[in-house]
Every structure is written in C-alpha cells, then in structure tokens.
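As they're listed, the protein sequences go chains A and B. According to numbering that gives the first Met the number 0, the first sequence is numbered sequentially starting from 0. According to numbering that gives the first Met the number 0, the second sequence is numbered sequentially starting from 0. Note that beta-carbon positions come from the ideal geometry of N, C-alpha and C, so glycine has one too.
Number of protein chains: 2
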Amino acid sequence: MSDQDATPNPSPAPPAPTGPPPKVTSRGRTAVPVASSNSDTTDIPEFEFFGVAGPRGIPPLTEFLDIFDVDMMRKPDESNKMHHHTMLYNSDHLIVRRGQEFQIKITFNRPYDSAQDKFAVEFVIGSSPQYSKGTYIPVFPTKERQSSWEGRITDKSDNVVTMGITPAANCIVGKYQMYIAVVTPFGIRRTKRDNSRNLYILFNPWVAEDAVFLDDEQEREECVMTEMGIIYHGAHDDVSERNWNYGQFNYGVLDACLYIMDRSEMPITNRGDPIKVTRKASAMLNSHDEDGVLVGNWSGDYTYGVAPTSWTGSTDILLSYASAKMPVCYAQCWVYAAVFNTFLRCLGIPSRVVTNYFSAHDNNGNLKTDIILDENGRIDRDRTKDSVWNYHCWNECYMTRPDLPTGFGGWQVVDATPQETSDGMYRCGPASVQAIKHGQICFPFDAAFVFAEVNSDVVFYSRRKEGTMEPVKVNRTHIGRMILTKAVGGMTRRDITDQYKFSEGSTEERTVLEKAEEYGCKREKSDPPLADVDVVLPTLEISVGDDFELSLEFINRSDQQRTIEAYISGSVVYYTGVTSSDFLFRTPTVKIDPNKTVKELVAVQSKNYMNHLVEQANLHFIVTGKVKETGQIVTVMKVITLHNPKLIVEVSSEGKVNEEMIVSVQFTNPFTFSLEGVYIRMEGPGIMLPKYKYYGMITGGSSLTWTEVFIPQRTGSTRLIATLDCPALRQVYGQASVTIKP
Amino acid sequence: MSDQDATPNPSPAPPAPTGPPPKVTSRGRTAVPVASSNSDTTDIPEFEFFGVAGPRGIPPLTEFLDIFDVDMMRKPDESNKMHHHTMLYNSDHLIVRRGQEFQIKITFNRPYDSAQDKFAVEFVIGSSPQYSKGTYIPVFPTKERQSSWEGRITDKSDNVVTMGITPAANCIVGKYQMYIAVVTPFGIRRTKRDNSRNLYILFNPWVAEDAVFLDDEQEREECVMTEMGIIYHGAHDDVSERNWNYGQFNYGVLDACLYIMDRSEMPITNRGDPIKVTRKASAMLNSHDEDGVLVGNWSGDYTYGVAPTSWTGSTDILLSYASAKMPVCYAQCWVYAAVFNTFLRCLGIPSRVVTNYFSAHDNNGNLKTDIILDENGRIDRDRTKDSVWNYHCWNECYMTRPDLPTGFGGWQVVDATPQETSDGMYRCGPASVQAIKHGQICFPFDAAFVFAEVNSDVVFYSRRKEGTMEPVKVNRTHIGRMILTKAVGGMTRRDITDQYKFSEGSTEERTVLEKAEEYGCKREKSDPPLADVDVVLPTLEISVGDDFELSLEFINRSDQQRTIEAYISGSVVYYTGVTSSDFLFRTPTVKIDPNKTVKELVAVQSKNYMNHLVEQANLHFIVTGKVKETGQIVTVMKVITLHNPKLIVEVSSEGKVNEEMIVSVQFTNPFTFSLEGVYIRMEGPGIMLPKYKYYGMITGGSSLTWTEVFIPQRTGSTRLIATLDCPALRQVYGQASVTIKP
C-alpha cells in the first residue's frame, strides 16, 4: 500500500487549474441534451416496422397507400399566404400563423378511402422531437385520433386529397419539417425528407386563442404588417424624427430572427411563449453576455463599424449578424429598439417603438438623479455624476400575461439597450404598461426599473464645506416628460404618456406613487420651500452653425427686491445627458424689482460650440443661482437640439410595380470646412434594399447628387429614406414619400 | 471631391469584422464608470482648502485640532466584536453589523472642545465615493449635523474621545476605509489612509431595522453563527446525512465572499440589499456565464478536480477561488448549496440548506415529467427523456420583501445549481416560500420554477403504434415528497414540507393548485381510472456489495381473478434520476385470485450491479404491466440507495482550548478488489482546517489508520468530519462529535 503524506493547511485541495475548466457534458445530468436550435434537425425513419409479421412475413409496405406528391400551396398569391397575412414575406417556403387553418394537397397512388386507409401528416421541430413536448405532432384527417393540432379533409378528387391543418394556437414558433406517414398493419411508411416542404409557423395576432391576439385590424396592420417606421428623438418641445425601414419581410430576415434564438440556445420548447421569446430576445439583441446582435457604442468613435446615426433600417444589421455570426457594430438605444421591432413583427408579435423624453437611466430603479451645487449655488461638475438621458427608446409588444393577475395583459415594455448599472441586467421586460401606470411594480419582469425611467426625481443638493448635503430643490415632473410613438396608419406622432402615467397632480398619480413606494421605489421625501424667484429659458429652434441669443427671464414673484447671483453654463452633451465639454460660462448678478421680470441676454457664438459638438448636437444650458436676500436656490435646465442640414431626396415620377424609377439624393455642405469620410445610405420598404455610397471629401459649400434606379416590388404608400454620416457631421436625414400603383 | 461607387445589395454595410468587436468604453454613456469592486479604492485628499484665505494667508491646518491616534477596538474580546456577534471571525480587522452602535477611540493633540472643534469620522467604500449614493458617509459627533449614520460621544477623558457610531441599518455591506476629518475655517484636514483602520460592515439579523432581521435567538445562532452543517440526501424513506463545515469564520473566507461580488461586477451601491445580493450570488456560485465559483459535473469523471462527494467543507473551495481566481472543480447540488450557505452566513444573512426529495428538475416550470410505456405497458427508454432528481438541495435565506405585497417576507428560496433548461436562467430566487405554498407564483423571482420543483405531476403515457399517446396514470404526489433541513441547535433533522405545501388532499391544497394554474403552471388534466391491482415495492436498507431479494406485492382489490403481465426493470441511476445502465429485467406473468395478494421475489445479485454503480450508488426499480382482463396499466417506482462502508473517526480524549488533541480515521476495504487513487479528507469547525491524505492503493480487505494532531481554537460542541473518495467508491463518510472545554 502506498502511503504518501499530504501538505497541510490552509488550502491543500484541488489540483492547480491549467487553462479553463474542462467542458462538462450533460452525462449524468440529463437523459438527452436539451434541444435549443431550430436549425438542428433529426430525420425520422422512413420505415417503422411493428415487428408483427403476418403468416407470409412482412409484405412491402408500398402495397398499401402510397404518396406521389405533396403541394404545400406556398405561392404568395395562393390562399394560405393571403389568409395568414404572410404574402409579403420574401420566401419560397410556406409561412403560416398558428391557431388558423392552412391547406396542403396530397396526391396518392390511388383514391384515398377513409374507411381503410390511415395516414398522418407529421410536423417535427428541433433535434429531439417528442410528442409530449410538442416537438413532434402527428395530425390525422379523422376526428377520432386526437392531437393538439386539428386536421380535416376539405376536398377530394381522384387521387388528390386537400387537407386542412390547424396548428395549436400555443404551438412552438419556428421552422418545421413535414412528413406524411401511412400507417399499415405491419408498420409505418413515411415520405422522405424534402426541405421544400419545410414550413414556418408564426405568432397570430388575428386569432383570439393566440397569446398575442390584438383585436384591432388597424393596429395589427401597423404593428405587424408595416415596415415603414418613424422613431422620435430630439427634445420634448422640439421633436425630431428618424425614418426606419424595419424590413421584416425582406429575404433572409425571418431566418435571421430564428438564428438569434438559436444563438441564444433558447430551448425549442419555450418558443411558443411570447413572454419567454421577448424576454430572451431583449437579452440577445445586445452583445453583452451572449454575443448578441448589436454592440453598443456611445463614444463618438465608430471607426470599426457603422455609426448608430447612419443606419437606415434593420435588414443590413440582421443579415450581417446571421451571415458573419458576429455582433454588429454599432448601436445606440433607437437602433436596439428598431432591430428588436423587426424581430417582433417578423415573428408576428405586435410591437412598436416608443420614445421617452428625459429618461432616468443607468440606475437601480430606486435611486434619485442628483445634481450637486456648491454653497454658492454653482453646479459642482466633479460631484454630479448622474445623467438623465435626453430621450430613450424602447419597445412595446402586445400579449396576454397568464403569469400575472388579471388586468396586466396588453402592451408590455421590452428594452434591448443594455442597462449598465442595473445589477448585471442586460435584458429588460416584458413589463406590463398597465402595471407601471398603476404602480404595481412588484410584478415581473423589471416593472420597477421601467417605472423609475418615467417617474424618478431630480434632486438639487447644496453641498456644505464639510461634506454634508442638503436638498434645495426637487423636480418631480422632469423625468418621463413625454412618451411618443408613431400613430397607427399615418406618418404622424401619437402621445401615449397617459398610458404610462396619470395626469400630473391628480389623485390617482399620488396613489400610484405611494403604491410604488410600498414596493421599494424610494422617492425624495424632503420638500424644500420654493424660491420666490423663477428663471425661464426659452424654447429655440437653432440650426448647427448658427449664432444665437439665449434670452433668460428672471421673474420676481415677491413684493421685495431680489438679487440673484447667477451661474449660467452651457455644455455640449451626449443624448445620454453626459457632458462632453463646456463652452460657455457667465456669472451675472441680476437685480429684480418687486413683481418684475428682468431679461438677461446671453450670446452664443457657433465658433465656441462647433469644435466641441458630439453627434447628436445637443447643447445643455443650466442656470443656477442664489437669491442674495433669502439664500434660496433657483435652478433651470434646458436641452437645445441643434438642427442639422437635410438631405433632399427626390423621386422621378409616379411609380408602378415592377417598373423602373429614379431617385436622387442631394446634399450641400453648408459649412466653410470640408466633410471627410462621408457615407450616404438609402433604402425604402418594399421598393429598395439598402444601398450606400462613399464620398472621400465634400468641400465646404459644395454640393453632390447621387442618383439610383430602383424597381418597386409592391403597391402602396412608402418612403425612400436616406442618411448622411461622417465623423464631423452625423444625423443628417432626408426622405421622400412614394406611392406605388399596381 | 473623391467619389467612389459602392457595391449594391443585399448587405453592403459594415466593414468585415476581424476578431471580437472593440471593447467599448463608457464614454458618452455614463459620466463616471459604475463602482463595482469593493477592492478598488480612492484615496480622499489629506487637505481640502476652502480657498478663503484669511488676512495672513492660510495658516498651517495643524494649528487646529489634530489626531494622534485612532483605536478601532477590534480585538475579539473587546466589546465591539462581542456585541456585534463577530468574535468568531478569524480577522484582525474590526467587523461590525449595521444598524447597531460600535465604538472607536480617538486620541487628539489636546482635549476636544465640542463648542469650538469640528470633526467628522468618514467612511468610504469603492472607487467613486458619493454622499448621495451612500458610498461616502461623514459621521459627526453632534446631533445638529445630520447623516444617515448616527454618531455620539460616549466618553471623554483627557485627550481621548470615545465615539459611538451606528451605521444605517440599510447601508452597503462590505469593507470600508475610515478617515477622520477635522474641519477648520480654512479647510479640511484628514488622517492619512491606514488600512488597519479598514472595517467590515455586515448584515444584522439582530436589529429590527435590518431587512434580514430574524426575531429568534436560537434560529440566529443556527442560521448565522453555526459552522457545523448537516445536509440530507439518500431517499425519503432512507435518509442519509452529509456533514459539512461551512467555515464562514475561517481566515480569508469573508474576503473571498466579497471577492465573489467583485468578480460579478455587482455595483457597490446594490450591496446593501439582501434581495440583490442573494440573487446575484445565486448566479455567481456557479461558473456559467460569469466564471463563478463552482464548475458543475455530474458525469462521474472528476479527473481534473475534486469529486463533489469528496469535499468536507466550503473553506477550501472559497479560498481556492479567491486565490486562483478560477472556477473550482467540481460541484453537484449540495456543494453549490453548502458554499452558498457559507457565503450567506458569512455576510450575516440567515440561511439554511434544504433537501427536496423527488425534485422535478431541468424543466420550464410548467412541464410534466413524462414516462412513456409501449402498448404492452413496458417502459420505452428511448422515448422517456425526463428525469426526476432523487433529491435536490437548495438554500433558504431570511429577509423582508419590500418589493412584494405584505406577507411574502421570511424564508426565501435561492438556488445556485445551474438549471439547464430553464430559459438560460443560471440563477434562481429569491422566491418567497410563503408565495410558493400559496400558489402565488406570479411574484419574482422564479417562484413558478420552484413551485414546479415541489408540485409537478409524473404522467405515464401509453404510446400507440401510430405515434399518439394516451395518459394512463398520473402520480400527483411523487414530486416534492419530503423537504428536510437541519434542526435548530441540534444534530437532528426537521421536516419542513408543510412550509412548502398544504397537506395532501386538503381543501387548501386544491385551492393552491388552482391558483398556480391561473398563473400558467400547467398540470395534467386527464384522470385515467385507477387500476384495481396495486403493486407495492418494499423499503430496504442494503449495503453496497450485498446480494438481496426484492419482494414485490401484487394486490388484487377486485372480486375477479386478475392476470398481470409485468415488466420489472432494475437500473443504476445518477441522483439526477438519469439512467446509467440497466442490470436486471424480468417479465413474470402473475395471476392473483380475487381480493388476494401475491408476492413475487426477485433476486438481485451484487455481481450484476457492482460493475455498473455510479457514485451515489442508487438502484432504480420500475415495475409496469398490463392487467390482462381489463387492459389497465399498473406502475410503481422505487429508488434504493445502497449504503456505503463508513469511516471510523475517533478522538483521543476530552478537549480543551489550545491543547493538543489526537484524531484517528480508520477504514477497512470491505471488497475483494483494490481501491486505487484514494483521497481522505478531514476538517472540523473551530478545531481543524481542511487536511487531506492520499493513498495510492488500498488492497481488498486491508485496513488503514490516519492519525492527526489538532489544537481546538474555541469551546463548544463540534464535529470532526472525514470523507474517503476514489473513482471506484465515492461517498464514504465518517464523523466524531467533540466537546471542547475552556
């Protein structure tokens, strides 16, 4: 017996690890690996003998009913795609929606005799099909054999049988293989695998049994069938638009969406549940954790990818991800939301992109946003570390919530933008909009976090020398100032703030905030007295490069003279509210007579801000100050979004399907300096796939015109969308409306 | 102007990625990086001038009050550690609990005069301390300066001031730096950074204001202060014990627990919230996603690490993880639960390990466990892909749940074992035990999942030839058969099944199941008629290597003769219920007279199963069959856990603190074959750190004795725990109780 003494304490154990730990198999843990890819498949056998030979042995099974042909009736103009609202998908395969009957035609070797012949149409998805998991579904033409999917013979003539098949309204969404099995007394005989008989089954907002049922045809048209999107940005009092081509019907997009779920290793069996699908997708749309679709970048340096402001639609992004199998560079919030929207509409889940102006962000769902002033009322930038996003975009998707008490179905917030500080939570939602509105933030998923995004307090603290802080002003209405989405059926905007919040100052609002506090949403308790002096900053529409004047109004509401020692600072900020650089600082002392108003003019020269601008060209003005007579603090903040020059997009003439048309994009560099490394991108739902053109330099004052030919694929109203992007100038947009006739 | 034509569709965009996408900074996204490491620190400046020079300029600040010395009163026998229940931590630093006063002594250059002198004790945690985030806390000795932490002077003599400090009961848990700042008219002067003044602040189950308050001294003693653990395994009718040294007070363990949170990049500001801490830790204890502490392995091959059955405690694992900064190999469920328990108790969150017998696992929280029989009632192993874990261990931790409606505080389930199929969820909980019991599974986190672990159905299907299945038996009571934890204060077990479930068949139980169904927990609806024949398998206690007889009782409850065509199969299974290999198969036909019972004896020979055994030596017997006369199906299942040989652990004599003692471990190889590559491990709470010894070979029938000297560190009842492990024989345990006197 060998006997070898071991080293003693403190940490004798395990063998020194070299390299990463060995990959662990599922042996001993699970009987079969979990099927988590829709592209993995298993062929099911062509023959299954029952092992009960007759007196003469087993006869060739072809003696019985035999299949000559199967017609999936998958052409866009055939009834399946028309009835299932899938005619717009650019795909050769049959695409149908669950809970609704579709037809296939089966040609036998002889007329089918229901009294004697037995056959089943079998559907299979994933690598380990199981009847009890809903991944292997046999459908019989007769009522007596039950299955969760229904089958019936709708027509018979000669050797041809037309069979109507209704997938269960909660079946798995994805790509199925189809077989036809003939049952004989001696065994089962199947058709060979034939990929042209693969079919896609999608969510179905048109049937009441589906969890995503949406009982409004116009909403369905908008939130499932519409490729043309408008996403709002800018400021709540100066709203700007981005046009976006969701492109959910473009060739390859549906496969890319299924690939996203495969890449996430989401079990196949979960893919019929819109709660699980949307939650998983909110994680997979960003590249954190699982090499998801989009890499976030807010730095202004987009050297190794496409600037977030430059994209015109989702198609490029999704096709690139599915082909290169690598995260795509780069995204900011609206890119995440737009691509997520494509994913949702493509799979059949009603969805829309919403924009929340002044969105509390990167916090824990119970923190206040703090602005620190020094004892003189001047902002202390070193200690002010929070920011409020000028706007933030997320998605809403429509579904029932059987996992929650009654009343919380309907629109649900999902958000694919990675939230930096939210406890490692790189996914968000689905959170019921109803639950958010009513302060019922105890329900999954992440309702408390979204509640804070629209309901936080902005607290101004005055910091004493020895380090303590005192709240001097609490702004309870700044955050979640307005929430917008595109109107149904139009090109206008719709204010849906009232779906998230009761009107300010109402009894309901107070109740909701109290309810939310019960669930741990901490709000600022102190209520510092309001100053009797107000400062008002004007709303301005300014173009990039303009010199302009800021006219501050100081209003004295008291019966005494007031003297304000004011600090006016102007800075360039990212749309995340993070300060890039300061370009203006004034410290006027303003004397105001009782009940009077004094205007203070501040001249802003473009030469001071132009060199500092970051991509979305936001100027942030903060005025703070102390009333000499009372010691009260006054504060006001304003974001001014500078307007960029525009692209002029012009289309030649009235359009017809399949006839050539011409579009021109024109741009004039309005600056005295040259623009270098310029990309112009263009696409249009149903009329043009993404195209781009590169210009090495556009000298100051010069113009360019880019002309392209395109051939519309379908009728209707649509748009051509163009963007121009270069490091010195981002977010230059243009579009043209086009109506295509048959 | 350069003008270069671009390639057209379909995917012109982004530049081909080479390698992983560039690492994105927080520039533009956040003003400062989120502090997410407790080991990152920032020195705060020694001098902060107010910039208000007097007429003679700024005098040296040392002219004012000056600090000569600070005494943290950190010895184990000083009042701080005694009052804060932290005297057992093997650490030189002060360790206190939040919401409770501790004392420090400050020696000044002259007597402190509260009328004239101003100073603050400052606490700082993480890399970007901020007052409003609770990461920078100044504490003043006078009431007038408010802070969330309280300070007061409790004693004064000569130049020495004793100050009592009460951290907020919701403050961040972790390691703080301490400074003392003297405020002068010209600026602030601070003590230099001195790491011996660092202190740890923990959760505090002893104060009512803390979210983890537990109002029962005996429970606190057990669930926070006890290092000695017993974890149950085996079968519900033949319970076995594992002893475990949680070792939460051992040197380095507290730092290792903080390192786990640092490694997870959990924001410092979240670390005061037990909900967030436990949720994050449930993810970090396993190595999925984030290179957490333990690598799971259920395969039986543990070549590159330590077999899960071989560990004797958590100390080795945690110290190895914190020093090598690599996941430790290997764990199964009880190892995850045991190390998680150490983490929780070490940080001061009351916790216990529980064992659930017959745990539904690796499913989605709404799936049934299916067993498929063929038309003759014989089990179809190829199609039976689900397994029920013989047992599963998780943790409960105690806390309020302000994020949920009233009534769901108290014990919460957290589970660190990675759940393979649960939608990529490699964390679980905290889920309220009360919510689980009442079917209120709509509340976070993962209550529905845990509900299914204790409440699923086992459904036996009969599969028809053409592929359809029919449920023939539903067992609604198999899953969650019994839930055990160690009793408070003793070495016995406590059945806590009634905390998870109402008694079987009660009205409350039915209501709960209906409630859970409302929230999407799908149960089997069909109710196949019960057969009038029962089969009963006996409870047996068998040792490894024994031949034995299985006595099956077939009971005919009808007034007619019954004939059973039975299938009896015996297989070796992992504790996960996954079949490793079959070793027995019989197909008797049993005839039973009306209202009679027939016994069928099945001889099981050790030679048939010994070569197939996997580590936990579980034999699984399934008897199925068809009643010839009625076509009814009968089924019964039984797990028999073979008993292993034991280690004999003997301690020399009565023990005293700091006096040498001797322990011997004896083992006799009961088999005829040799055991190779044998590790014996031993440790004991408060008396011995982990030790191990290696034996190359123990020949059949031979014995060994390992003798060690140890020196007890503290008084009380404890145990020495030993394990023996080799590839051919695992899970050999022994222990000895020891009482140490002062």
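Asked: Nearest neighbour of A:I563, chosen from A:T467, A:T596 and A:I639 [CA to CA]; Found: A:T596
Asked: Nearest to A:I348 (by Cα), restricted to the options A:M636, A:V276, A:L293 and A:L318; Found: A:V276
Asked: For A:L612, three-class secondary structure by DSSP; Found: coil
Asked: Members of the stretch 124-157 of chain A near chain B, C-beta cut-off 9 Å; Found: S127, Q129, Y130, S131, K132, Y135, P137, F139, R144, Q145 and S146
Asked: Interface partners of A:F666 on chain B, CB under 8 Å; Found: Correct list: empty, because the minimum Cβ distance to chain B is about 12 Å.
Asked: Coarse secondary structure for A:M696, derived from DSSP in three states; Found: strand
Asked: Interface flag, A:A30 vs chain B, CB-CB below 7 Å; Found: yes
Asked: Status (buried if at least 16 other CB within 10 Å, exposed otherwise) for A:H232; Found: buried
Asked: Beta-carbon proximity list for B:Q433, same chain, < 7 Å, skipping 5 on both sides; Found: G406, F407 and G409
Asked: Simplified DSSP state of B:H82, which is helix, strand or coil; Found: helix
Asked: Residue(s) in a DSSP beta bridge with A:R585; Found: A:I567
Asked: DSSP-derived helix/strand/coil call for A:N242; Found: strand
Asked: Coil, strand or helix - A:Q217 by DSSP; Found: helix
Asked: N- and C-terminal bounds of the beta strand (DSSP E) containing A:L600; Found: T596 to V603
Asked: Assigned exposure category for A:K769 - 16 Cβ within 10 Å defines buried; Found: Since the first residue shown for chain A is 0 and the last is 741, residue 769 of chain A is missing from the structure and cannot be characterised.
Asked: Cutoff 7 Å: A:P401 Cβ touching any chain E Cβ; Found: Here chain E cannot be found, since the structure's protein chains are A and B.
Asked: Cβ of A:Y111 within 7 Å of any chain B Cβ; Found: no
Asked: Separation of B:E649 from B:L641, as counted between CA atoms; Found: 25 Å
Asked: 7 Å Cβ cutoff, B:R97 in contact with chain A; Found: no
Asked: CB-CB length for B:A282 against B:V182, believed under 8 Å; Found: In fact, because the Cβ distance is near 43 Å, the residues do not count as touching under 8 Å.
Asked: A:T190 - partner residues in DSSP beta bridges; Found: A:T190 pairs with nothing; no bridge assigned.
Asked: Residues sharing a beta bridge with A:H391, DSSP; Found: A:N355
Asked: Rounded C-alpha distance that separates B:E675 from B:E614; Found: 15 Å
Asked: Within-7 Å CB hit, B:P470 to chain A; Found: no
Asked: Exposed unless 16 or more other CB atoms sit within 10 angstroms - verdict on B:R109; Found: exposed
Asked: 6 Å CB neighbourhood of B:D533 in its chain, flanking five on each side removed; Found: I554
Asked: Candidates B:T161, B:M636 and B:S298: closest to B:P537 by CA position; Found: B:M636
Asked: Interface residues of chain A facing B:P684 [CB-CB closer than 9 Å]; Found: Those within 9 Å of B:P684 in chain A number zero; the least Cβ separation is about 14 Å.
Asked: Neighbouring residues, chain A, relative to B:D369 (Cβ below 7 Å); Found: S131
Asked: Chain-ordered neighbours of A:V577 on chain B, where CB pairs are closer than 9 Å; Found: S25, R26, G27, R28, T29 and A30
Asked: B:K645 to B:R729 span [Cα, whole Å]; Found: 11 Å
Asked: Continuous beta strand (DSSP E) stretch holding A:D663: start and end; Found: The sequence given here places Ser at residue 663 of chain A; Asp does not occur at that position. From DSSP, the beta strand (DSSP E) with A:S663 extends over M660 to T667.
Asked: Outcome for A:G542 when other beta-carbon atoms lying within 10 angstroms are tallied against a minimum of 16; Found: A small fix is needed here, since residue 542 of chain A is Ser in this sequence, not Gly. Flag for A:S542 reads exposed.
Asked: Cβ-Cβ distance between A:H83 and A:R73 below 7 Å; Found: no
Asked: Member of B:F666, B:G163, B:F670 and B:Y732 whose CA lies at the smallest distance from the CA of B:W705; Found: B:F666
Asked: Sequence-distant residues of the same chain with beta carbon closer than 6 Å to A:G364, five excluded per side; Found: Here A:G364 scores only 49 on pLDDT, less than 50, and its place in the model should not be relied on; the value that follows carries that caveat. The residues are A447, F448 and A451.
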